[in-house]
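J.: For the record, the sequence lines run as chains A and B. Each step along the first sequence adds one to the number in our numbering, with nothing skipped, and position 33 is 33. For our numbering, count along the second sequence from 1 and bump the result up by 363. For every residue, glycine included, the Cβ atom is placed at its ideal position computed from N, Cα and C.
There are 2 protein chains.
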Amino acid sequence: MRLEDLDTPALLVDLDRLERNIVRMQEAISAHGVALRPHTKTHKIPAIARWQVAAGAQGITVATVGEAEVMMAAGLADVFVAREIVGRHKLARLARLARQGPLSVAVDSVVGAEMLNAAMGEAGVQLEVLLEIDVGSQRCGVPPAEVVPLAEAVVKMPHLRLKGVFTHEGRAYGQGDPAAIERYARHEGEGVVEARDRLAAAGIEIEVVSVGSTPTAVGAAAVPGVTESRPGNYVFMDLKQVDNGVCTLDDCALTVLATVFSKPAPNRLSLDAGSKALSADTGAFGRPEEGFGLIKNTSYRLWKLNEEHGILVAEEPVPFGIGDRVEIIPNHACLVPALHEVAYGVRNGQVEVVWPIAGRGKF
Amino acid sequence: MRLEDLDTPALLVDLDRLERNIVRMQEAISAHGVALRPHTKTHKIPAIARWQVAAGAQGITVATVGEAEVMMAAGLADVFVAREIVGRHKLARLARLARQGPLSVAVDSVVGAEMLNAAMGEAGVQLEVLLEIDVGSQRCGVPPAEVVPLAEAVVKMPHLRLKGVFTHEGRAYGQGDPAAIERYARHEGEGVVEARDRLAAAGIEIEVVSVGSTPTAVGAAAVPGVTESRPGNYVFMDLKQVDNGVCTLDDCALTVLATVFSKPAPNRLSLDAGSKALSADTGAFGRPEEGFGLIKNTSYRLWKLNEEHGILVAEEPVPFGIGDRVEIIPNHACLVPALHEVAYGVRNGQVEVVWPIAGRGKF
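1) CB N596 (chain B) to CB C697 (chain B), shorter than 9 Å?
2) Got a sec: which bits of the stretch 122–139 of chain A sit with their beta carbon under 9 Å from any beta carbon on chain B, in order along the chain?
3) Which whole runs of the beta strand (DSSP E) in the stretch 243–279 of chain A are 3 residues long or more, in chain order?
4) Apart from the five residues just before and just after G59 (chain A), which ones in its own chain have a Cβ nearer than 6 Å to its Cβ?
5) With DSSP as the reference, label L328 (chain B) as helix, strand or coil.
6) Rounded to the nearest angstrom, what separates Q604 (chain B) and S210 (chain A) at their Cα positions?
7) Run through chain A and tell me which residues come within less than 8 Å of L698 (chain B), C-beta to C-beta.
8) Taking 9 Å as the CB-CB cut-off, is F166 (chain A) touching chain B?
9) Are the beta-carbon atoms belonging to A279 (chain A) and N331 (chain A) less than 9 Å from one another?
10) Three or more beta-carbon pairs under 8 Å between the stretch 385–401 of chain B and the stretch 576–596 of chain B, yes or no?
11) In chain A, which residues lie with their C-beta within 7 Å of the C-beta of R631 (chain B)?
12) Please name the residue, chosen from B:L620, B:A412, B:Q501 and B:G588, that lies closest to L375 (chain B) on a Cα-to-Cα basis.
13) Can you name, in chain order, every residue of its own chain whose Cβ lies under 8 Å from the Cβ of P507 (chain B), other than the five neighbours on each side?
14) Report the three-state DSSP secondary structure of P356 (chain A) (helix, strand or coil).
15) Quick one: list the residues of chain B neighbouring I89 (chain A), beta-carbon separation under 7 Å, in chain order.
16) A701 (chain B) touches chain A at which residues, Cβ-Cβ below 8 Å?
17) So what does DSSP say about G708 (chain B), is it helix, strand or coil?
18) What residues of chain A sit near T427 (chain B), judged by a beta carbon separation below 9 Å?
19) Can you tell me which of B:Q489, B:A373 and B:N630 puts its alpha carbon nearest to the alpha carbon of P680 (chain B)?
20) Give the secondary structure of E447 (chain B) by DSSP, where H, G and I count as helix, E and B as strand, and everything else as coil.
21) To test your reading of the DSSP string, which unbroken beta strand (DSSP E) runs of 3 or more residues are found completely within the stretch 493–554 of chain B?
22) Could you tell me whether any non-hydrogen atom of the ligand ZN is closer than 8 Å to the CB of E678 (chain B)?
23) Decide if E84 (chain A) is buried, meaning its Cβ has at least 16 other Cβ atoms within 10 Å, or exposed.
24) Going by Cα to Cα distance, which pick from A:M157, A:H159, A:V110 and A:A172 is closest to V147 (chain A)?
25) Roughly how many whole angstroms lie between the Cα atoms of G405 (chain A) and M25 (chain A)?
26) Interface residues of chain B around M120 (chain A) at Cβ under 9 Å?
27) Can you give me, in chain order, the residues of the stretch 612–628 of chain B that have a beta carbon less than 9 Å from any beta carbon in chain A?
28) Which residue marks the beginning of the beta strand (DSSP E) containing L665 (chain B), and which one marks its end?
29) For D560 (chain B), which beta-bridge partners are listed by DSSP?
30) May I have the straight-line CA-CA distance separating H522 (chain B) from V488 (chain B), to the nearest angstrom?
31) Can you name, in chain order, every residue of its own chain whose Cβ lies under 8 Å from the Cβ of E315 (chain A), other than the five neighbours on each side?
32) Tell me, please, which residues DSSP counts as bridged to D377 (chain B).
33) The alpha helix (DSSP H) with G219 (chain A) in it runs from where to where?
34) Could you tell me if K667 (chain B) is buried or exposed, where buried requires 16 or more neighbouring beta carbons within 10 angstroms of its beta carbon?
35) My understanding is that P46 (chain A) touches L15 (chain A), with C-beta atoms under 8 Å, so please give their C-beta distance in whole angstroms.
36) How about V449 (chain B) and G323 (chain A): are their beta carbons less than 9 Å apart?
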């Protein structure tokens with residue numbers, strides 16, 4: 001099957017770029033003696049997770065119990081759920097997974113840990129947990145200075161085993177400046193190592209000291225004491241990573257193939273990929289003025305998205321006509337696979353593989 | 364099944380509100396002697412489309428060929444695809460549908476009409492078309508003053524039959540002022556009636572003069588000459604419609620049930636519904652400062668969405684704890700069903716029906 005044989009909108013993955021991105025991150029993280037545990041929420045595709053493991057990843061990360069179920073059902077082992085899980089349905093599902101293979105999950109409060117411990121106790125399993133550390137982004141987690149009381153409570157819970165600490169420095173996004181990202185990366189690594197040191201001083205030893213984001217991955221892995229990195233976006237990259245200086249446009253592996261269906265004026269057109277094919281995400285920090293995706297190999301950014309309209313408005317006439325097909329590089333790749341039934345793996349204009357987005361809508 | 368039995372995030376539809384919204388719009392449009400052809404892209408659920416037809420709708424509107432396939436396979440008849448369709452795959456699919464039952468599609472250019480005519484000719488079918496009129500929003504379509512040459516070209520094409528004209532006045536969104544919406548509604552109706560009059564003066568008679576959006580539906584239906592209205596959002600309503608003064612919070616029928624999973628400070632928490640369960644849409648005109656959804660029966664708006672985190676930050680301590688469940692009214696309901704596998708129809712705390720989102724990801 002060739003690219004021309006695909007209906008649009010179609011989710012494309014450039015296989016050469018995907019492989020290069022996987023190998024490059026693996027080598028960069030391995031060079032620091034740090035384990036890579038990629039976040040698979042970005043692609044939600046078990047086959048890509050297996051490529052990451054084949055390249056050297058030590059387990060995978062997921063965002064939801066549903067993603068863990070999909071990945072483990074597909075044979076992926078050693079899964080970390082990087083978010084606190086509560087609620088009797090989710091805890092029962094987590095207990096079932098814990099029986100199937102190595103699984104660990106986030107904890108950031110005594111209340112949450114008690115719920116988790118009770119559910120695992122009922123199910124008769126023990127679960128490994130990592131404490132979430134907040135190094136400043138104020139999303140979830142405890143600051144390094146407050147980790148000891150939480151850890152002391154967790155180690156007393158018989159159905160939990162404290163494996164480590166982890167963090168995510170969301171502030172590295174939107175900096176648009178490699179030096180700033182480097183400072184956040186160091187800060188991320190140092191914050192989570194500080195948490196480990198405080199635990200050690202309190203007599204609590206842990207194995208895993210984990211950081212995680214594509215912009216900070218390499219910089220944080222260089223901090224002595226960090227043992228694991230969990231970037232996700234790097235497999236595909238996107239405009240946000242380009243804007244951050246993390247990669248170039250030639251590294252962007254995920255695009256949406258779209259067709260021009262209306263061109264009411266020489267400088268205005270609509271593509272059949274709108275917010276239901278690209279997501280309405282304006283990037284990590286929401287700047288609509290940056291547009292909603294770039295037409296590959298051009299400088300045209302989509303001006304606006306309606307649900308089924310990707311709208312381009314330019315100052316000058318644009319060189320696309322009705323029926324023409326283009327590829328759109330999204331602002332934020334992590335939101336796009338969840339909108340599609342399948343992804344097409346493409347090399348040299350040929351569709352080599354069709355991947356169902358197995359984790360789509362799995363919470 | 365009770366609400367408490369649902370795992371989260373879960374897409375809920377308040378059946379009483381849904382029914383009331385369906386009846387209210389039907390009555391308001393019928394009162395003007397105008398046909399209602401609701402846009403089903405909002406819900407993508409055949410069962411809801413059947414309710415709309417049972418209440419008096421004359422056919423339905425869809426945004427994609429995939430939605431038309433889903434709706435027609437479920438027995439819905441007389442479908443209007445309110446967007447220009449090009450590309451050989453889509454045109455072949457359209458021709459197959461045209462053989463199955465009454466179908467019409469948008470046209471806004473001679474080039475597009477020629478492609479459509481050629482494809483229908485190859486398939487040996489005739490297709491009804493409506494010309495898209497641009498009354499000022501500058502998305503797709505021709506201005507009323509330019510409709511005659513397009514119509515003259517279309518009526519010469521043997522495999523197309525010119526049925527009418529239609530428009531969508533997107534500018535009515537984001538006005539936040541009923542008087543302004545009323546002006547846009549009248550402008551919308553008058554623009555499309557002007558197109559009909561120009562065609563009549565050129566000797567071209569049409570049957571359908573169609574307007575379409577929830578804010579303008581009633582006002583535009585009052586314009587003499589309008590024969591059809593195509594609102595979509597009204598079945599669910601949302602914060603954008605409330606902000607526009609189109610409805611009250613008590614009319615919002617669609618919510619996402621979510622669980623608090625992290626509360627690192629008395630004034631900060633995370634819900635398990637982020638941009639992959641609510642969409643990242645900040646509403647029709649993108650004002651992130653308005654937040655990303657309202658917690659039902661409270662005044663709390665979500666401050667930020669990450670993929671699996673709905674983040675609330677308040678000035679004061681918030682009255683929800685880890686494990687608590689809340690319903691979130693989304694900014695823009697039309698984007699939300701496409702993110703979920705099923706919707707739960709709820710009445711008096713009981714789940715009465717589970718609807719697959721059949722049109723999810725169908726382009």
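T.: Once the coordinates are examined:
1) Cβ atoms of N596 (chain B) and C697 (chain B): closer than 9 Å.
2) Hits within the stretch, in order: E132, D134, Q138 and R139.
3) With a minimum length of 3 residues, the continuous beta strand (DSSP E) runs that stay inside the stretch 243–279 of chain A are 254–265 and 268–271.
4) Exclusion of the five residues before and after G59 (chain A) leaves R37 and D78 as the residues of its chain whose Cβ lies within less than 6 Å of its Cβ.
5) Outside the shown range of chain B, which is 364 to 726, sits residue 328 (chain B), and nothing can be said about it.
6) Roughly 44 Å separates the two Cα atoms.
7) Simply S275, K276, A280 and E307.
8) It does not; no Cβ of chain B falls within 9 Å.
9) Sequence inspection shows Ser at residue 279 (chain A); the Ala mentioned does not correspond to that position. Yes.
10) In short, these stretches touch, since the Cβ pair count reaches three.
11) Correct list: Q138.
12) When each option's Cα is compared against that of L375 (chain B), the closest is B:L620.
13) Non-local C-beta neighbours of P507 (chain B) in its own chain, meaning closer than 8 Å and more than five positions away in sequence, comprise I496, V498, G554, V555, E557, A558 and R561, ordered along the chain.
14) Reduced to three states, the DSSP call for P356 (chain A) is strand.
15) The residue you asked about is not Ile; residue 89 (chain A) is His in the sequence shown. Neighbours of H89 (chain A) on chain B, chain order: D370.
16) Per Cβ cutoff of 8 Å: K276 and L339.
17) If DSSP states are grouped into helix, strand and coil, G708 (chain B) belongs with the strands.
18) Near T427 (chain B) (Cβ distances below 9 Å), the residues of chain A are D272, K276 and E308.
19) Minimum Cα-Cα distance from P680 (chain B) among the listed residues B:Q489, B:A373 and B:N630 corresponds to B:N630.
20) In the three-state reduction of the DSSP assignment, E447 (chain B) falls in the strand class, which pools E and B.
21) The stretch 493–554 of chain B contains these whole beta strand (DSSP E) runs: 523–530.
22) This structure does not include the ligand ZN; it has no bound ligands of any sort.
23) A buried status is given to E84 (chain A), since no fewer than 16 other beta-carbon atoms sit within 10 Å of its beta-carbon.
24) For the set A:M157, A:H159, A:V110 and A:A172, the Cα lying nearest the Cα of V147 (chain A) is the one of A:V110.
25) There is simply no residue 405 (chain A) to check, as chain A begins at 1 and stops at 363 in what is shown.
26) Near M120 (chain A) there are no residues of chain B at all, since even the closest Cβ is about 16 Å away, more than 9 Å.
27) Legend: CB atoms of the stretch 612–628 of chain B lying less than 9 Å from CB atoms of chain A belong to residues T622, V623, F624, S625, K626, P627 and A628.
28) That residue, L665 (chain B), is in no beta strand (DSSP E); it is neither H nor E in DSSP.
29) BP columns for D560 (chain B) are empty, so no partner.
30) Pairing H522 (chain B) with V488 (chain B), the inter-Cα distance amounts to about 6 Å.
31) If the five residues before and after E315 (chain A) are omitted, its C-beta is found closer than 8 Å to the C-beta atoms of N267, all from its own chain and listed in chain order.
32) DSSP lists B:V709 as partners of D377 (chain B).
33) G219 (chain A) -> alpha helix (DSSP H) spans A217 to A221.
34) It is buried - the Cβ of K667 (chain B) has at least 16 other Cβ atoms within 10 Å.
35) Not a contact, Cβ separation roughly 16 Å.
36) A distance below 9 Å separates the beta carbons of V449 (chain B) and G323 (chain A).
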